[in-house]
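Residue 1 is where the sequence shown starts when you use UniProt numbering, and the numbers rise one by one after that.
Cβ coordinates follow ideal geometry from the N, Cα and C atoms, glycine included.
Everything numeric in this text was worked out from a predicted model, so none of it was measured.
Input: a single structure, listed below in structure tokens.
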Amino acid sequence: MVDYNVTVSTANIPYATTLSSVSMKLVGTDGESDRTWLLSFKWLLSFLRGAVSSFTVSCPASLGKLVLIELDKQRLPFIPEDSWFPAKVEVKSPEGETYHFPIYRWITDNEVCKTESWDVYAEGIPHIIKAESPSSLPSEVRFSFTKSTEFAYTAKASLTELNLKGLDDCTERWDDLDTINRVFCCKRTAISEYVQQHWKEDALFAYQFLNGVNPMLIRRCTVLPRNFPVTDDMVCLHGQGSLGDEMKKGNIFLCDYKNFDGLKANTINGKKQYLMAPLILLHKTPEHKLMPIAIQLKQTPADDNPIFLPTDSEYDWLIAKIFVRSTDFNEHQLNVHLLRTHLLAEVFAVSLLRNLPMVHPLYKLLVPHTRYTLQINLLARIRLISESGVFTQFTSSGGEAMATILKRSLASVTYSSLCIPDDITERGLQNVPNFYYRDDGLQLWDIINRFVKGVLSYYYKTDAEVQKDSELQKWILDIFEHGFLSQPDKGEIKIYLGLILFKSTTNHHRITQSQFDFRDISLSIQEYDYGGWMPNTPTSLQLPPPTTKGTTDETRMLQTLPDVNATVQGMASLWLLSKPSSDFVALGQYPEEHFSEEVPRKLIKDFQGELGVLSAAIKIRNQSLEIPYTYMDPAEFENSVAI
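Okay, here's the thing in structure tokens:
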């Protein structure tokens, strides 16, 4: 007989304890053990929260190299049913070799292993996990007790905390900006207060295309779109010559919301809403500031679709900017936030559960970046984008328009748009001054790339090893089929997944990390910073844009803004989503030790060190900025899409 010394560690988290009997089977290259009950003098104390207990499993002969273990628990008579959360198991073989098996999942009595299923939420958008409620999700992906408790409390308390109770069912219009300000004063951040003071200014309007919540649309303009007939005599280029000259110099930029053309806007409080598809032209001044120089609110040029200019009356120009900001809110929420962050993250997480075992190196690498993603997405479908959800009820793109925007947005996903360096280059933004999203994002990209490259290079020495990994190949195909819906024109995405991911090039992190958008919690905080003052980011607008100039005044502007209840529901939602839970885990922190080998563990330490250096540099830089840019500081955002 030979003995295997087994050490079982139970996680130190609430409710991790089990009083049940636990059995184990060892499986090796030369055989497997009988199922053995793990008994010790501690008996019922062996698997308490935080306990580390040792056992012996005896076999007639050596099992060779251990490849996996099987754990099972069975409730004892008169003992209440419970779940157990083991952290890890270490097994020392009779040959003296120690094997490490990270577990980090809930185990229930007589658990039956099942493969997670896909479901279709709406045609033309990425598929989702099949689950009706949080309790039907796999136990290991659900919120912790802390997260569940805090999230439930905050969801109920957000209106009260913002002192908005009683306004959430008021369907009246706002009388004046002072009234909006009194509501806004209930809860503000330093940046939201700055926005409230400067929201009418062209400089802040333009700044948000680079460093606001949606820096993903602006691009350098080398040729004016045919449907945007701006002429030299319309615009003021600060003494820098003609539009053509400035385009050649790379000083003209365009934002085009063409995906919003022809959409049917929502109806809120029985009133038709309005959602435009604007085009915006911006100019980089000799002082290296970006300034708007022309806005057209609809895609088709016409006499009743004027091009608004900074030289127009105050309220003509302001209402044009308000319509742009409202469209940008809806574009950001549905395309950048919901689709490219949450929905694609869910595809990667579900495919991970379906295709990769816990001992697979890619599972170990990616699973920390899926924490809470499936439950937060399920809750979003129930509370935000369902028929009775807040987003559906109180935004101009809720209802019919939502599905159309998501379909169009998925169709626009390209290889370059998923890779920060390629995306910045493709949009011609390499040399734009004061572009902190780019500056911090590219540094973060490089840091993550070095980490991922090191880990994958340790496990995959050649392309042939990648090609022979059938589990990995199934993971890729599942993502292509259910995330990108096997679209023929998305072949580049499939190639990207199959080649770039596993040759450890600089693009890898976008697939492992950015789909689990590393900016998600920081992005949610940013949404309140720029959206807490509603006139800067209206969730909806309820009068059509002016068809002729000179017809807009302050009264019409106020009548155009969303009603009181739509405003406060939007504020409460942004406030709720801006609050991280107390069990927040920052990027690069790994409380669960999935890797046991020395090389990946050292790579993790190096990764954390580089993130710390970047975080410190960002904090120093921000001290000299009028508007600090904290949203790509790795200390400020979560390791996964968790809010």
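From the DSSP output, read off the bridge partner residues of residue i.
| i | result |
| --- | --- |
| residue 225 | DSSP, once it has assigned bridges, lists no residue as partnering residue 225. |
| residue 5 | 56, 92 |
| residue 239 | Looking at the DSSP assignment, residue 239 forms no beta bridge with any residue, so it has no partner. |
| residue 305 | 302 |
| residue 174 | Residue 174 pairs with nothing; no bridge assigned. |
| residue 128 | 119 |
| residue 541 | 274 |
| residue 219 | 254 |
| residue 51 | DSSP output for residue 51 lists no bridge partner at all. |
| residue 84 | 107 |
| residue 10 | 86 |
Would DSSP call residue i helix, strand or coil?
| i | result |
| --- | --- |
| residue 711 | Residue 711 lies beyond the stretch modelled for the chain, which goes from 1 to 643, so this question has no answer here. |
| residue 430 | coil |
| residue 70 | strand |
| residue 143 | coil |
| residue 267 | strand |
| residue 478 | helix |
| residue 61 | coil |
| residue 38 | coil |
| residue 635 | coil |
| residue 441 | helix |
| residue 32 | strand |
| residue 515 | In this predicted model, residue 515 has a pLDDT of only 35, less than 50, meaning its place in the structure is not dependable; the value taken from the coordinates is given anyway. In this structure, residue 515 counts as coil in the three-state DSSP scheme. |
| residue 586 | strand |
| residue 644 | Any question about residue 644 goes unanswered here, given that the chain covers just 1 to 643. |
| residue 192 | helix |
| residue 507 | With a pLDDT of only 28 at residue 507, under 50, the local geometry of the prediction cannot be trusted, and no value is derived from it. |
| residue 436 | helix |
| residue 526 | helix |
| residue 559 | helix |
| residue 531 | helix |
| residue 397 | coil |
| residue 327 | helix |
| residue 627 | coil |
| residue 209 | helix |
| residue 78 | coil |
| residue 654 | Residue 654 falls outside the range modelled here, since the chain spans only 1 to 643, and no answer is possible. |
| residue 165 | coil |
| residue 43 | helix |
| residue 413 | coil |
| residue 249 | coil |
| residue 407 | helix |
Whole-angstrom Cβ separation of residue i and residue j, contact assumed at under 8 Å?
| i | j | result |
| --- | --- | --- |
| residue 352 | residue 137 | Going by Cβ atoms, the distance from residue 352 to residue 137 rounds to 14 Å, so no, they are not a contact pair. |
| residue 23 | residue 37 | 5 Å |
| residue 181 | residue 197 | Not a contact, Cβ separation roughly 10 Å. |
| residue 275 | residue 396 | 4 Å |
| residue 91 | residue 66 | 6 Å |
| residue 531 | residue 329 | 7 Å |
| residue 527 | residue 576 | Contact doesn't hold; Cβ gap of about 11 Å is too wide. |
| residue 107 | residue 374 | So it is not a contact: roughly 19 Å between Cβ atoms. |
| residue 689 | residue 167 | For residue 689 there is no data in the structure shown, the boundaries of the chain being 1 and 643. |
What span of residues does the beta strand (DSSP E) with residue i cover, start to end?
| i | result |
| --- | --- |
| residue 253 | 252-256 |
| residue 28 | 21-28 |
| residue 294 | 290-296 |
| residue 283 | 279-284 |
| residue 138 | Segment: none, residue 138 is in no beta strand (DSSP E) and carries neither H nor E. |
| residue 101 | 98-102 |
If you follow the alpha helix (DSSP H) that residue i is part of, which residue opens it and which one closes it?
| i | result |
| --- | --- |
| residue 600 | 598-622 |
| residue 361 | 361-366 |
| residue 570 | 564-577 |
| residue 259 | Where residue 259 is concerned, there is no enclosing alpha helix (DSSP H), given that its DSSP letter is neither H nor E. |
| residue 391 | 390-394 |
| residue 465 | 463-468 |
| residue 378 | 373-383 |
For residue i, verify whether its CB is less than 8 Å away from any heavy atom of the ligand HEM.
| i | result |
| --- | --- |
| residue 206 | The ligand HEM is not part of the structure shown, which contains no ligands of any sort. |
Inset, instruction - Report yes or no: do the region 563-577 and the region 539-546 share at least 3 C-beta pairs separated by less than 8 Å? - result: yes
Legend entry - the region 316-325 contacting the region 390-404, beta-carbon criterion three pairs below 8 Å: no
Inset, instruction - State whether the region 258-269 contacts the region 401-408, with contact taken as three or more CB pairs (one from each stretch) at a distance under 8 Å. - result: yes
Legend entry - Stretch pair the region 470-487 + the region 334-342: three plus CB contacts closer than 8 Å: no
Inset, instruction - Report yes or no: do three or more beta-carbon pairs, one from the region 421-440 and one from the region 578-590, lie closer than 8 Å? - result: no
Inset, instruction - Please confirm if the region 445-461 is in contact with the region 600-609, defined as three or more CB-CB distances below 8 Å between the two stretches. - result: yes
Legend entry - Cβ contact (3+ pairs, closer than 8 Å) linking the region 263-283 and the region 213-233: yes
Inset, instruction - Please confirm if the region 348-362 is in contact with the region 114-131, defined as three or more CB-CB distances below 8 Å between the two stretches. - result: yes
Legend entry - the region 542-561 / the region 306-314 touching (three or more Cβ pairs under 8 Å): yes
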